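Trainee: Let me give you the structure first, and then I'll get to my questions.
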Amino acid sequence: MQSLVMKPISRFKCYNISLRRTSFPLSLLAIFLGRSSFSSVAAAGWRTEPSALPSNPLSIVNDFTTYCYQRDLGKAMEALDSMQRHKLWADSITYTELIKCCIAHGAVKQGKRVHQHIFSNGYEPKTFVINSLLNMYAKFNLLDEAQNLFDQMPERNFVSWTTMIAAYSNTELNYKALEMLIMMLRDGVTPNMYTYSSVLRACEGFSTLKQIHCCIIKVGLELDVFVRSALIDIYSKWGELKAALYIFDEMVTSDLVVWNSIIGGFAQNSDGDEALNLFIRMKRSGFWADQSTLTSVLRACTSLALLELGRQVHVHVIKFHRDLVLDNALLDMYCKCGSLEDANCTFTRMIVKDVISWSTMIIGFAQNGYSRKALELFEAMKASGTKPNYITILGVLFACSHAGLVKDGQYYFKSMKMLYGIDPGREHYGCMVDLLGRAGKLEEAMKLIHEMKCEPDAVTWRTLLGACRVHRNMDLAEYAAKKVLSLDPHDAGTYILLSNLYANTQRWDDVASLRRTMKDGGIKKEPGCSWIEINKQRAMCQTQILSCKILKENRWKTLAYHSEKLAIVLVYEKKQKFLEAFVLLAMLLCTFLWTLVHGWLDDENMAGIKSYASSDRDDMCMKSEWPSCISMTSGMFLYACLHR
Numbered sequence: 001m002q003s004l005v006m007k008p009i010s011r012f013k014c015y016n017i018s019l020r021r022t023s024f025p026l027s028l029l030a031i032f033l034g035r036s037s038f039s040s041v042a043a044a045g046w047r048t049e050p051s052a053l054p055s056n057p058l059s060i061v062n063d064f065t066t067y068c069y070q071r072d073l074g075k076a077m078e079a080l081d082s083m084q085r086h087k088l089w090a091d092s093i094t095y096t097e098l099i100k101c102c103i104a105h106g107a108v109k110q111g112k113r114v115h116q117h118i119f120s121n122g123y124e125p126k127t128f129v130i131n132s133l134l135n136m137y138a139k140f141n142l143l144d145e146a147q148n149l150f151d152q153m154p155e156r157n158f159v160s161w162t163t164m165i166a167a168y169s170n171t172e173l174n175y176k177a178l179e180m181l182i183m184m185l186r187d188g189v190t191p192n193m194y195t196y197s198s199v200l201r202a203c204e205g206f207s208t209l210k211q212i213h214c215c216i217i218k219v220g221l222e223l224d225v226f227v228r229s230a231l232i233d234i235y236s237k238w239g240e241l242k243a244a245l246y247i248f249d250e251m252v253t254s255d256l257v258v259w260n261s262i263i264g265g266f267a268q269n270s271d272g273d274e275a276l277n278l279f280i281r282m283k284r285s286g287f288w289a290d291q292s293t294l295t296s297v298l299r300a301c302t303s304l305a306l307l308e309l310g311r312q313v314h315v316h317v318i319k320f321h322r323d324l325v326l327d328n329a330l331l332d333m334y335c336k337c338g339s340l341e342d343a344n345c346t347f348t349r350m351i352v353k354d355v356i357s358w359s360t361m362i363i364g365f366a367q368n369g370y371s372r373k374a375l376e377l378f379e380a381m382k383a384s385g386t387k388p389n390y391i392t393i394l395g396v397l398f399a400c401s402h403a404g405l406v407k408d409g410q411y412y413f414k415s416m417k418m419l420y421g422i423d424p425g426r427e428h429y430g431c432m433v434d435l436l437g438r439a440g441k442l443e444e445a446m447k448l449i450h451e452m453k454c455e456p457d458a459v460t461w462r463t464l465l466g467a468c469r470v471h472r473n474m475d476l477a478e479y480a481a482k483k484v485l486s487l488d489p490h491d492a493g494t495y496i497l498l499s500n501l502y503a504n505t506q507r508w509d510d511v512a513s514l515r516r517t518m519k520d521g522g523i524k525k526e527p528g529c530s531w532i533e534i535n536k537q538r539a540m541c542q543t544q545i546l547s548c549k550i551l552k553e554n555r556w557k558t559l560a561y562h563s564e565k566l567a568i569v570l571v572y573e574k575k576q577k578f579l580e581a582f583v584l585l586a587m588l589l590c591t592f593l594w595t596l597v598h599g600w601l602d603d604e605n606m607a608g609i610k611s612y613a614s615s616d617r618d619d620m621c622m623k624s625e626w627p628s629c630i631s632m633t634s635g636m637f638l639y640a641c642l643h644r
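Below you can see the structure in the form of structure tokens.
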């Protein structure tokens, strides 16, 4: 019996010596010996050369393997250092577990130490271990290290190429991702579904997208659900909704990810009707909506200003137990639909609020005419410890602009860089130009435009032009109009506005010249329309529809009635005692209509906040401040509960 035991012992001694010389990984042998009666005998074999090996090298490798699988990064790195000193190596799978642990902990330095250990003393790791290192560097956005490692690889498979393509695509280095695809094809490696999904995100133009789509068809991946979902996303991104819908309809089978892609694509492109139709199709197909689905549906409701439908979606949102993304989408929907009572209720009940939550409510208050409440909420946001971002400051400046708070607006604008580290953008400058323009400080607004660190766009000059119209400054208006038309030659609104200014000053030759320019250039002003929802039924009031009837009857005075007036008159003609109406306005309310609305509506129910007293609303009933008061409802819902 003793001889039978001694023979394996002898073999283990020889085998251990050869392992030390060839640097063969020991962790699998360590796991086996650590659980058998041979472990102590094998350890005795290692003690034949105490100068080169520790008392029990198998226990070191065994401990290292255990720590890696337990994701104990600290102890695993200590064991790795011990293995490095004694020139021991584990098996390849164990190293991949350690690399995953480094990624999970965001441990960059430890990951580099693992890289150094794996390639030390002539050890040649397997390809999948190097792929794990590539993935680690990609997750840490260390693309130079990843590229160097990739270039040194003796053998590359499709995982290696896909990892690099995804890394460049995720960091928006799209040209590098496309270059890697070309090199991959030249190297004779066939891309798979994950490769093409990463490449599709790197497409920078529709022509490139079509070429990649052709490659997908050639390799027979056009029917893959994963690839089709990526195709739908990218076609939606470039506004090719018909192509996206065609790809979707051609699918034999679909899953929730594909449904979310097509619904989200239409919602992001402001085609809310089709997004809602697809949502109904999805429900009828037996799929349950998740957070991504409901976020897209809420966005569709927001674009169409469907408050009642948004409330129905809110019922589905409640099932997901305080999801921050969905709560923020609800806030945005309620604010843009003018129902600040629902928005404030949702905001108050939110346990977790991020900067998006605060910013949405601040902008919601500002756009609906509650500028002082917006500024109060901004102070509460700072007190909560939430740091404002680019959009937050934009909402604050918007509130100052519509409340006529020139000094406050100038303070926030000047301090945004110093206090919050935010560089002013075009939108911030635009708000300041609007603020100064409303206050009649046109020269200061002009000076601010010339001091902009970025090139002013057409919107900035158009804002100044609008202020010039209000304050009858013809010289500056002509200058601003020329700037707008140099940036956007087909802007019909600028032509119309400048023509009206000429007409007000009896410059009929200039009016005729502008009209000829518009006619020769084929420039037409799109007719405005306002949507109205009365007791859950929607209608559209368009000025052009009634123009023919008006002209036939020669009722010239009624030509001043634009689509907003028509919509609100339709509300007024209803004979119900209690009427709930939502009007989506096409443009600014005129002075006549604003006065009319003030006369119809109960003060405590003005502009959608039934619970707030009218004294909380910005006091802007002075004639000089009416432009500020008018623009509060531009592009928003006028939410009114009429008590007749």
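Letter 584 of the sequence shown, counting from 1, is numbered 584 in the UniProt record's numbering, and no numbers are missing.
Cβ atoms here follow ideal geometry from the backbone N, Cα and C, with glycine treated the same way.
Every value quoted in this text rests on a predicted model; they were computed, and no experiment measured them.
#1: Suppose you measure from the CA of residue 346 to the CA of residue 327; what does that come to, to the nearest Å?
#2: Taking the alpha-carbon positions, what's the residue 134 to residue 187 distance?
#3: Any idea what DSSP makes of residue 398, helix, strand or coil?
#4: If you check the beta carbons only, do residue 330 and residue 317 fall under 8 Å apart?
#5: Can you find at least 3 beta carbon pairs, one from the segment 151 to 162 and one from the segment 170 to 178, that sit closer than 8 Å?
#6: Can you give the Cα-Cα distance for residue 378 and residue 105, rounded to whole angstroms?
#7: Using the C-alpha atoms, what's the distance from residue 480 back to residue 464?
#8: Per DSSP, what kind of secondary structure is residue 57 in: helix, strand or coil?
#9: Compare the beta carbon distance of residue 132 and residue 166 with 8 Å and say whether it is the shorter of the two.
#10: When the Cα atoms are used, what is the spatial distance from residue 156 to residue 191?
#11: According to DSSP, is residue 204 part of a helix, a strand, or is it coil?
#12: Between which residues of its own chain and residue 488 is the CB-CB distance below 8 Å, once the five residues before and five after are set aside?
#13: Taking residue 127 as the reference, give the member of 305, 396, 460, 149 with the closest Cα.
#14: For residue 320, which of helix, strand or coil comes out of DSSP?
#15: Please list, in chain order, all residues of the same chain as residue 206 whose beta carbon is under 6 Å from its beta carbon, the five residues on each side excluded.
#16: In its own chain, which residues sit with a C-beta less than 7 Å from the C-beta of residue 473, not counting the 5 before and 5 after it?
#17: Please report the straight-line C-alpha distance between residue 322 and residue 125, rounded to a whole angstrom.
#18: What separation, rounded to the nearest whole angstrom, lies between the Cα atoms of residue 444 and residue 436?
#19: For the segment 219 to 274, list the alpha helix (DSSP H) runs that are entirely contained and at least 4 residues long, ordered along the chain.
#20: Excluding the 5 residues preceding and the 5 following residue 40 in the sequence, name in chain order all residues of the same chain whose CB lies nearer than 7 Å to its CB.
#21: Going along the chain, which residues of its own chain have a beta-carbon closer than 7 Å to the beta-carbon of residue 287, five neighbours each way excluded?
#22: Please list, in chain order, all residues of the same chain as residue 514 whose beta carbon is under 8 Å from its beta carbon, the five residues on each side excluded.
#23: Skipping 5 residues on each side, what residues in its chain have a beta carbon closer than 6 Å to that of residue 137?
#24: Using 8 Å as the threshold, is the C-beta distance between residue 212 and residue 194 below it?
#25: On a CA-only basis, which of 295, 492, 512 is nearest residue 525? Give me that one, please.
#26: What do you get for residue 512, buried or exposed, if any count of 16 or more other CB atoms within 10 angstroms of its CB means buried?
#27: Cutting at 8 Å between CB atoms, please list the residues of its own chain near residue 280, excluding the five before and the five after it.
#28: For residue 523, which three-state DSSP category applies?
#29: If we count the other Cβ atoms within 10 Å of its Cβ and call it buried at 16 or more, is residue 342 buried or exposed?
#30: Please report the distance separating the alpha-carbon of residue 359 from that of residue 349.
#31: Grouping DSSP H, G and I as helix and E and B as strand, with all else coil, what is residue 69?
#32: Nearest to residue 354 by alpha carbon, out of 374, 244, 384, 339?
#33: Could you tell me which of 183, 176, 407, 217 sits nearest to residue 201, measuring between CA atoms?
#34: Under a Cβ-count criterion, where at least 16 other Cβ atoms within 10 Å of its own Cβ denotes burial, should residue 122 be classed as buried or exposed?
#35: Does DSSP put residue 43 in a helix, a strand or coil?
Mentor: If we stick to the structure as given:
#1: Residue numbering aside, residue 346 sits at position 346 when the sequence shown is read from its first letter. Residue numbering aside, residue 327 sits at position 327 when the sequence shown is read from its first letter. If you draw a straight line from the Cα of residue 346 to the Cα of residue 327, it comes to about 7 Å.
#2: Here residue 134 corresponds to residue number 134 of the sequence shown, with the count starting at 1. Here residue 187 corresponds to residue number 187 of the sequence shown, with the count starting at 1. About 19 Å.
#3: The residue labelled residue 398 in the question sits at position 398 within the sequence shown. Here DSSP, grouped into helix, strand and coil, assigns residue 398 to helix.
#4: For the purposes of this step, residue 330 is identified with residue 330 of the sequence shown, where counting begins at 1. For the purposes of this step, residue 317 is identified with residue 317 of the sequence shown, where counting begins at 1. Result yes, Cβ atoms of residue 330 and residue 317 sit closer than 8 Å.
#5: When Cβ pairs closer than 8 Å are counted between the two stretches, the segment 151 to 162 is seen not to touch the segment 170 to 178, the count staying below three.
#6: Here the question's residue 378 lines up with position 378 in the sequence shown. Here the question's residue 105 lines up with position 105 in the sequence shown. About 35 Å.
#7: One-based indexing of the sequence shown puts residue 464 at position 464. One-based indexing of the sequence shown puts residue 480 at position 480. In this model, residue 464 and residue 480 are separated by some 7 Å (Cα to Cα).
#8: What you label residue 57 is simply residue 57 of the sequence shown in a count that begins at 1. Judged by DSSP in its simplified three-state form, residue 57 adopts helix.
#9: Translated into the one-based positions of the sequence shown, residue 132 becomes position 132. Translated into the one-based positions of the sequence shown, residue 166 becomes position 166. For residue 132 and residue 166, no; Cβs fall outside 8 Å.
#10: In the sequence shown, the residue the question calls residue 156 occupies position 156. In the sequence shown, the residue the question calls residue 191 occupies position 191. One C-alpha to the other measures close to 12 Å.
#11: As a working mapping, residue 204 is identified with position 204 in the sequence shown. In the structure shown, the three-state DSSP call for residue 204 is coil.
#12: Here residue 488 is taken as the residue at index 488 of the sequence shown, counted from 1. Same-chain partners within the cutoff: 458, 494.
#13: Translated into positions along the sequence shown, residue 127 becomes position 127. Checked all of 305, 396, 460, 149; the closest Cα to residue 127 is 149.
#14: Here residue 320 refers to the residue found at position 320 when the sequence shown is read from its first residue. Residue state, collapsed to three classes: coil.
#15: Translated into positions along the sequence shown, residue 206 becomes position 206. So the qualifying residues of the chain are 238.
#16: In the sequence shown, the residue the question calls residue 473 occupies position 473. Once the five neighbours on either side are set aside, the close Cβ partners of residue 473 are 442.
#17: What you label residue 322 is simply residue 322 of the sequence shown in a count that begins at 1. What you label residue 125 is simply residue 125 of the sequence shown in a count that begins at 1. Cα to Cα, the separation comes out at about 46 Å.
#18: Position 444 of the sequence shown, counting from 1, holds the residue named residue 444. Position 436 of the sequence shown, counting from 1, holds the residue named residue 436. Residue 444 and residue 436: Cα-Cα distance of roughly 7 Å.
#19: You should have 225 to 237, 241 to 249, 256 to 268.
#20: Against the sequence shown, residue 40 aligns to sequence position 40. Note that residue 40 scores 34 on pLDDT, short of 50, meaning its location in the model is unreliable; the coordinates nonetheless yield the value given after this. Cβ-Cβ distances below 7 Å link residue 40 to nothing in the same chain once the five nearest sequence neighbours on each side are left out.
#21: As a working mapping, residue 287 is identified with position 287 in the sequence shown. Same-chain partners within the cutoff: 256, 259.
#22: Here residue 514 refers to the residue found at position 514 when the sequence shown is read from its first residue. Apart from sequence neighbours up to five positions away, the residues of its chain that approach residue 514 with a beta-carbon distance below 8 Å are 495, 498, 499, 502, ordered along the chain.
#23: For the purposes of this step, residue 137 is identified with residue 137 of the sequence shown, where counting begins at 1. Excluding residues within five positions, the ones whose Cβ falls inside 6 Å are 145, 146.
#24: What you label residue 212 is simply residue 212 of the sequence shown in a count that begins at 1. What you label residue 194 is simply residue 194 of the sequence shown in a count that begins at 1. No, the Cβ-Cβ distance between residue 212 and residue 194 is not below 8 Å.
#25: Along the sequence shown, one-based indexing puts residue 525 at 525. Nearest option by C-alpha distance: 492.
#26: Within the sequence shown, residue 512 is the residue found at index 512, counting from 1. Answer is exposed; the Cβ neighbour count stays below 16.
#27: Numbered from its first residue, the sequence shown carries residue 280 at position 280. Contacts found: none.
#28: Numbered from its first residue, the sequence shown carries residue 523 at position 523. Look at residue 523 here: in three-state DSSP terms it is coil, with no helix or strand label.
#29: What you label residue 342 is simply residue 342 of the sequence shown in a count that begins at 1. Buried: at least 16 other Cβ atoms inside 10 Å.
#30: For the purposes of this step, residue 359 is taken as residue 359 along the sequence shown, with counting starting at 1. For the purposes of this step, residue 349 is taken as residue 349 along the sequence shown, with counting starting at 1. Going by the C-alpha atoms only, they are around 16 Å apart.
#31: Residue 69 sits at position 69 when you count from the first residue of the sequence shown. Secondary structure of residue 69 (DSSP, three-state): helix.
#32: Indexing the sequence shown from 1 puts residue 354 at position 354. In terms of Cα proximity to residue 354, the closest of 374, 244, 384, 339 is 384.
#33: Sequence index remark: in the sequence shown, residue 201 carries index 201 (1-based). Per the Cα distances, 176.
#34: Stepping through the sequence shown from its first residue, residue 122 is reached at position 122. Of the other Cβ atoms in all chains shown, fewer than 16 fall within 10 Å of the Cβ of residue 122; this residue is therefore exposed.
#35: Here the question's residue 43 lines up with position 43 in the sequence shown. Its pLDDT being 34, under 50, residue 43 is placed unreliably by the model, and the measurement read from it follows with that caveat. When secondary structure is reduced to three states using DSSP, residue 43 falls in the helix class.
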